[in-house]
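The block underneath contains the structure these notes are about, expressed in structure tokens.
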Amino acid sequence: MNAIELTNVTKVYRKYARRKQFATLKSALLKGSLIQDLQPEETFPALHSVSFTVPAGRTYGIIGRNGSGKSTALKLVAGITKPTSGTVKVNGRISALIELGAGFHPEISGRENVFINGIMLGLTKREISRRFDEIVEFAEVQDFIDAPVKTYSSGMYMRLGFAVAIHVDPDVLLVDEVLAVGDAGFTHKCLDKFGEFKRRGKTILLVTHSLELVERFCDEALWLDSGRVRGSGDPRRVVGAYLTDVGKSEERELARTEERAQTEEVRRAGPSGPADAESAPLDGARGASSDSRRAKQDSAHDLEHPAADDMTRQDEGRWGSREIEITGVTLKDAEGQVSHIFQSGDPMSIHLRVRAHEPHSDFVFGIGVYSADGVNCYGTNTHLEDFMSEEIQGDGEVTFAIDALDLVEGTYKLDVAVHKRDGYPYDYHRLLYTFRVKSRSKEVGIYRPKHSWQFTPNIRLQKD
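Numbering of the sequence shown is given in this note's numbering, commencing with residue 3 and proceeding in unit increments.
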């Protein structure tokens, strides 16, 4: 038997604007419809021909971006709103963890609100009395249960609403992103309660952004995107497809951000680029010749060099004489495709297109990787790695290949530069390129070394 059935469900909302569609309720009734007579541009389809079934006793997860229709689907199942078309069927008593404490009255005590809210959820007064102590203990509000709920903190308020809803003992439990109602300890209590419901064969419909929770708890998953079903079935497969799609969206957004940053630099620099600027080489770029740093270069390029530690506080930008110019920077994945999204541990290559407007024999190429908050993760250059420059002229390409991008998940910024051995900058691009590292593991820090765990026979663990 199916506990939940949605068949070709469409839910259309009216877009509200300053112009009123109906002057009075009478005019609305005379015209016969609040939605069907609106023009397409005046409506918003939150769900479009959505169908899915949840067998009794199963845990079903719904994932998707903000605005994809997840909460709308849950409200339809809960009976909070009605579909514009299609059918919704639910078998059994429902408890909805959607808007916790929505029925609470701020002026009366928590005790009274527990009884009122419980009755609204379908319990009798006797059932509530029998479960009252358990509800209060679960919500951790024993010392405040007789105080008006308007004196509660937001966490106390939400925990009490959660406790009442979870103790209704429903056949169908609807959950909408309510695991943020308390601290880590309370979150674990909530998860334990979900586990108990699952063991008892209750039906759970879960809407969440926690993909790990979906993979861990759910028997099946549904992916909604802009009100339409994009995928359903095995949670790991659906989550994987969703993450791939999210990665593509992030790729496009990072590309647009990078393009805007470079366009802004071109606009600020003007058509000929900066004639002089303060700068410093990438960390360590001075090498053995650091003591020979000069205060001025030739008369064509008057450049002062700040202290090396000032480099970490420089804003993003571009500077240098452009005698040797970096004309393009691309990041590529293991297949040689341009990308801004990489998996931790995967290869990545940085490609610099360079142009020397006249022959030069003194040049160094440098790379620096920074975390989003400005921590220098890694920096090197050709001089530090004992490459001795001989000649560059015309157009060329420099490739910096990383065999394994051993960084934890996060957003990173890139410096690229070409300069003289003493640090005089030809072309320095500071934090103009962004890439993102993805990982299913949620370690902290920056560096993710290759590693393994080993245990003696008396220590037993099971890996998911």
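The beta-carbon is built from N, C-alpha and C at its ideal position, and this holds for glycine as well.
All of these numbers come straight from a predicted model, not from anything done at the bench.
Secondary structure of residue i, DSSP reduced to three states
| i | result |
| --- | --- |
| Lys1 | In the structure displayed, the chain extends from 3 to 466; residue 1 sits before or after that span and is not available. |
| Lys152 | helix |
| Arg239 | helix |
| Ser351 | strand |
| Tyr449 | strand |
| Arg258 | helix |
| Ile82 | coil |
| Ser391 | coil |
| His190 | helix |
| Ala263 | helix |
| Thr246 | helix |
| Tyr426 | coil |
| Thr74 | helix |
| Val216 | helix |
| Leu8 | strand |
| Ser131 | helix |
| Gly203 | coil |
| Ile118 | helix |
| Val174 | strand |
| Ile100 | coil |
| Ala419 | strand |
Whether residue i touches residue j by CB criterion (8 Å)
| i | j | result |
| --- | --- | --- |
| Leu76 | Val241 | no |
| Lys13 | Leu78 | yes |
| Tyr435 | Leu224 | no |
| Ala419 | Tyr430 | yes |
| Leu407 | Gly347 | yes |
| Phe219 | Lys250 | no |
| Phe389 | Ile352 | no |
| Pro459 | Asp405 | no |
| Glu7 | Thr83 | no |
| Gly235 | Glu222 | yes |
| Phe469 | Val400 | Past the boundaries of the shown model lies residue 469; the chain is included only from 3 to 466, so the question cannot be answered. |
Euclidean distance between Cα positions of residue i and residue j
| i | j | result |
| --- | --- | --- |
| Leu215 | Ile328 | 45 Å |
| Pro47 | Ile130 | 39 Å |
| Met158 | Leu245 | 34 Å |
| Arg238 | Glu217 | 6 Å |
| Gly229 | Lys72 | 8 Å |
| Asp397 | Arg355 | 7 Å |
| Val170 | Gly233 | 32 Å |
| Val439 | Gln345 | 5 Å |
| Glu260 | Gly330 | 12 Å |
| Glu253 | Ser341 | 7 Å |
| Ala141 | Gly187 | 12 Å |
| Pro451 | Gly338 | 24 Å |
| Leu175 | Gly81 | 13 Å |
| Thr74 | Phe457 | 48 Å |
| Ala5 | Lys127 | 27 Å |
| Arg2 | Ala167 | One cannot answer for residue 2 here, as it falls past the ends of the chain, which runs 3 to 466. |
| Phe117 | Leu162 | 12 Å |
| Cys192 | Thr153 | 24 Å |
Beta-carbon proximity list for residue i, same chain, < 8 Å, skipping 5 on both sides
| i | result |
| --- | --- |
| Asn10 | Ser51, Val52, Ser53, Ser87, Gly88, Thr89 |
| Cys379 | Val371, Tyr372, Ser373, Leu409, Tyr414, Ile448, Tyr449 |
| Asp148 | Ser111, Gly112, Arg113 |
| Leu213 | Ile65, Val241, Tyr244, Leu245 |
| Ile326 | Val356, Arg357, Ala358, His359, His362, Phe365, Ile394, Val420, Tyr428, Asp429 |
| Asp247 | Asp227, Arg232 |
Cβ-based burial, residue i [other Cβ within 10 Å; buried from 16]
| i | result |
| --- | --- |
| Arg320 | buried |
| Val446 | exposed |
| Ala336 | exposed |
| Gly124 | exposed |
| Ala165 | buried |
| Asn115 | buried |
| Asn383 | buried |
| Arg258 | exposed |
| Ile461 | exposed |
| Lys91 | exposed |
| Met160 | buried |
| Pro108 | exposed |
| Asn119 | buried |
Close beta carbons around residue i, own chain, < 6 Å, minus the five adjacent residues each side
| i | result |
| --- | --- |
| Asp173 | Gly94, Arg95 |
| Ser441 | Ser346, Glu411 |
| Phe106 | Asn115, Val151 |
| Gln144 | Val138 |
| Val177 | Leu99, Leu208 |
| Ala58 | Met3, Ala5, Thr205 |
7 Å CB neighbourhood of residue i in its chain, flanking five on each side removed
| i | result |
| --- | --- |
| Phe196 | Ile206, Phe219 |
| Glu392 | Ser363 |
| Leu433 | Glu318, Tyr372, Lys415, Asp417 |
| Glu136 | His169 |
Residue i at chain B interface by Cβ criterion, 8 Å
| i | result |
| --- | --- |
| Glu318 | This model lacks chain B altogether, as it is built from one protein chain only. |
Residue i: CB within 7 Å of a non-hydrogen atom of the ligand COA
| i | result |
| --- | --- |
| Glu139 | For the ligand COA, the structure offers nothing, since it holds no ligand at all. |
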